[in-house]
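First up is the structure itself, then whatever we jot down about it.
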Amino acid sequence: MDNEILRVENLTKVYKTDVENVALSDINLYIKKGSIFGVIGLSGAGKSTLVRCFNFLEKPTSGRVYFEGKCLNDMNDSEIRSIRKQMGMIFQNFNLLEQSSVLKNVLFPFEIINADRKSSIEKARNLLKLVGLSDKEKAYPSNLSGGQKQRVAIARALALDPKVLLCDEATSALDPKTTNQILDLLKKINKELGVTIVIITHQMSVVESICSEVAIIDHSKIAEVGYVKDIFASPKSEIGKKLIFGDATVANNLNIDVNNYSRKFRLVFDGNKVKEPVISNIIMKNNVPINILFADTREVDGAVNGQMIIELPDDKNIINNIDKYLKEVSVVFEEVTSDGN
Amino acid sequence: MATNLDLYLTAIRETLLIVVASSIISYIIGLPLGVILAVTSKNGISPKPVINQVLGVIINIFRSIPFLILLILVLPVTKMLVGTTIGPIAVIPPLVFSAAPYIARMVESSIMEVDYGVIEAARSMGASDFQIITKVLLTEARPNLMVGVAITTTTILGYSAMAGVVGGGGLGDVAIRYGYYRYENIVMFITVIILVILVQVIQESFLAISRKIDKRAK
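Taken in order, these protein sequences are the chains called A and B.
Here this note's numbering is used: position 283 in the first sequence is 283, and no number is missing along the way.
Just add 1000 to the spot in the second sequence (first one is 1) and you have this note's numbering.
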């Protein structure tokens, strides 16, 4: 694991208020240098606590956190502060200094390390150029749109040339178009500056469009972790299925057809590999009527992924034939049970 | 006597001296105390319950003593500090004793209003607690602190008028000596008018400054 940058071992975080509240339970995770790693889960799953454990904004109750092989647990406050300078962080609510201009906001990290004023200003201007806000340096946050605020926050987070950029629900307060622009910017930062990016989100679309790996967190635990394209093709955990087939689950629940003479199946295919007209072939080969209940394509990590839910007559022979054929053309074929999974 | 301009001008000068000097000294003491209160509170950046509670109790004690009583209570301290117990200078110590704890609470509440997210962002950049105080809390709270200045200085102005009772000089002194003891109601009336105008001018100026420096959406 030479190329790992962040690792957590047996990480547990318990908040003690009136009652004990377990935010994270026995999390093991490692993140590769240069990757874009997603952490997804429903709200309250513990993902924001997890990202704060990476830079020790939250101290774990037990378990260890490593940055570039160095264990944060063994460090004193000033050593932890110097580690934080190597990890930028952006937030859902941007968290800009409201009383400072855009330029002063980006200068803030330089002030913390008492950097030379002149070269700081030059670097800050370059960062504003990188995020496309050169003309806004004199503006104040209240005059900016949400997307612009997040760009300022990104410029500020990149000021000290961090190795990691932690993004805590960075696009959750933005509209879809702005979200895509910010995600493109993050992709560019990852590619051009080689910054490892950790994205905390509850939006599957965010993971789909930029992450290479993903950890799904559910009820304080990791439900599933791996490459996005693998997990998307066949999620194993309940929560994974819910998040990935979310739309399809809705279609199921509409009970488009629940008669006992038919069964429902899910097809998942890689748009770049499957060139055959699969559905037509099934119909013609088996002489069987197919009812398409749901269909959707998404772009996942550069590849087009399609999924479809179809209804077939309850005939073992036909279903076996179809199963065989779909295995040949490497299309995932699985039955959808009535509870939506 | 009522038309003697010099009387009023001297009184105004004395009053302004008392208010400006007391305000500055009170802020020198009250501002750091307020910062300590905010920083050490349960939701502060460095919670220290013992320090917070001890300081809080001391401040509350001073805040609960009526100014007129405090004025007399601290006479020995006043004598020790400024060498006299009469005249405008002698009014400054009791005003400071009264205003500094008040300022501490105002500063505390202004700082507590700073968005926690901004503090967290500064922390994520590796800022120390001291840097967070100077570069985040005090700068972000500036407009609110300025509102505090408006309220404090006008309160000190009002209190300074009470100092007339102990021969403290200023407008209050004139009002009591001429207006009350000598039944020259017109003098009392004029000094009150002057006080009202001073309060308005000071209050509005600081509020205007606060509005001007506030860069949040209005």
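Glycine residues also receive a C-beta, built at the ideal position from the N, C-alpha and C atoms.
These numbers come from a predicted model, not from an experiment.
Would a check of beta-carbon distances place Gln148 (chain A) closer than 7 Å to chain B? no
Assuming Arg156 (chain A) and Gly1126 (chain B) are in contact, meaning their beta carbons sit under 8 Å apart, how far apart are those beta carbons, in whole angstroms? Incorrect: roughly 13 Å between the Cβ atoms, too far for contact.
Classify Cys167 (chain A): buried if its beta carbon has 16 or more other beta carbons within 10 angstroms, exposed otherwise. buried
Identify the continuous beta strand (DSSP E) that holds Lys221 (chain A) and give its terminal residues. 221-227
Using the C-alpha atoms, what's the distance from Ala1038 (chain B) back to Glu299 (chain A)? Those two C-alpha atoms are separated by around 49 Å.
Neighbour flag for Tyr397 (chain A) against chain B, beta carbons, 7 Å: As shown, chain A starts at 1 and ends at 341. That puts residue 397 (chain A) outside it, with no answer to give.
Count the other CB atoms within 10 Å of the CB of Asn3 (chain A); is the residue buried (16 or more) or exposed (fewer)? exposed
Which residue's Cα is closest to the Cα of Leu24 (chain A): A:Arg52, A:Ile5, A:Ile36? Nearest C-alpha to Leu24 (chain A): A:Arg52.
Contacts that Ser1041 (chain B) makes with chain A (C-beta to C-beta distance below 8 Å): Neighbours of Ser1041 (chain B) on chain A: none; closest Cβ ~17 Å, over 8 Å.
Interface partners of Lys1135 (chain B) on chain A, CB under 9 Å: Within chain A, the residues near Lys1135 (chain B) are Leu97, Phe108, Glu111, Ile112.
When DSSP labels each residue in this structure, what does Val22 (chain A) get in the three-state scheme? strand
Taking Cβ-Cβ distances below 9 Å as the criterion, which residues of the segment 53-78 of chain A are in contact with chain B? Asn55, Leu57, Asp77, Ser78
Quick check: the Cα distance between Arg266 (chain A) and Pro277 (chain A), rounded to an integer number of angstroms? If you draw a straight line from the Cα of Arg266 (chain A) to the Cα of Pro277 (chain A), it comes to about 16 Å.
Any beta carbon of chain B sitting closer than 7 Å to that of Met204 (chain A)? Among the CB atoms of chain B, none fall inside 7 Å of the CB of Met204 (chain A).
Do Cys211 (chain A) and Val228 (chain A) have their C-beta atoms closer together than 7 Å? yes
Counting C-beta neighbours from all protein chains within 10 Å, is the total for Asp339 (chain A) 16 or more, i.e. buried, or is it exposed? Reliability of the predicted coordinates at Asp339 (chain A) is poor, the pLDDT of 49 falling under 50, and the value obtained from them is presented with this limitation in mind. By the 10 Å Cβ count, Asp339 (chain A) comes out exposed.
Through-space distance from Val1019 (chain B) to Ser220 (chain A), alpha-carbon basis: 58 Å
Please list, in chain order, all residues of the same chain as Asp257 (chain A) whose beta carbon is under 6 Å from its beta carbon, the five residues on each side excluded. At Asp257 (chain A) the pLDDT is 48, less than 50, meaning the model places this residue with poor confidence and gives no usable figure here.
The segment 144-154 of chain A in contact with the segment 170-178 of chain A per 3-pair CB rule at 8 Å: yes
Could you compute how far the alpha carbon of Ile1193 (chain B) sits from the alpha carbon of Asp18 (chain A)? For Ile1193 (chain B) and Asp18 (chain A), the distance between alpha carbons rounds to 56 Å.
The segment 1051-1071 of chain B touching the segment 1126-1138 of chain B, judged by at least three CB pairs closer than 8 Å: no
Below 8 Å between beta carbons is the criterion; list the residues of the segment 116-127 of chain A that meet it against any residue of chain B, in chain order. none
Under 7 Å between C-beta atoms, does Ala1175 (chain B) make it to chain A? no
Using a Cβ cut-off of 7 Å, pull out every chain B residue sitting near Asn93 (chain A), in sequence order please. Gly1117
Rounded to whole angstroms, how far is the Cβ of Ala159 (chain A) from the Cβ of Pro109 (chain A), which I believe are closer than 8 Å? 4 Å
Cβ closer than 9 Å: which chain B residues qualify as neighbours of Ser100 (chain A)? Thr1139, Glu1140, Lys1215
Cβ of Arg151 (chain A) within 7 Å of any chain B Cβ: no
Are the CB atoms of Ile200 (chain A) and Val39 (chain A) within a distance shorter than 7 Å? Against a cut-off of 7 Å, the Cβ pair of Ile200 (chain A) and Val39 (chain A) comes out as a contact.
Any chain B beta carbon closer than 7 Å to Met89 (chain A): yes
With distances taken between CB atoms, is the gap from Val131 (chain A) to Ile154 (chain A) smaller than 7 Å? yes
From which residue to which residue does the alpha helix (DSSP H) around Val1149 (chain B) run? 1142-1162
Taking 7 Å as the threshold (beta carbon to beta carbon), is Lys32 (chain A) in contact with chain B? no
With a cut-off of 7 Å, does the C-beta of Lys241 (chain A) fall near any C-beta of chain B? It does not; no Cβ of chain B falls within 7 Å.
Straight-line CA distance for Gln150 (chain A) to Ala1121 (chain B)? 13 Å
Rounded Cβ spacing between Ala1100 (chain B) and Leu1033 (chain B) (contact assumed at less than 8 Å): 7 Å
Closest by C-alpha distance to Ile31 (chain A), when choosing among A:Phe232, A:Ala233, A:Pro289, A:Gly226: A:Gly226
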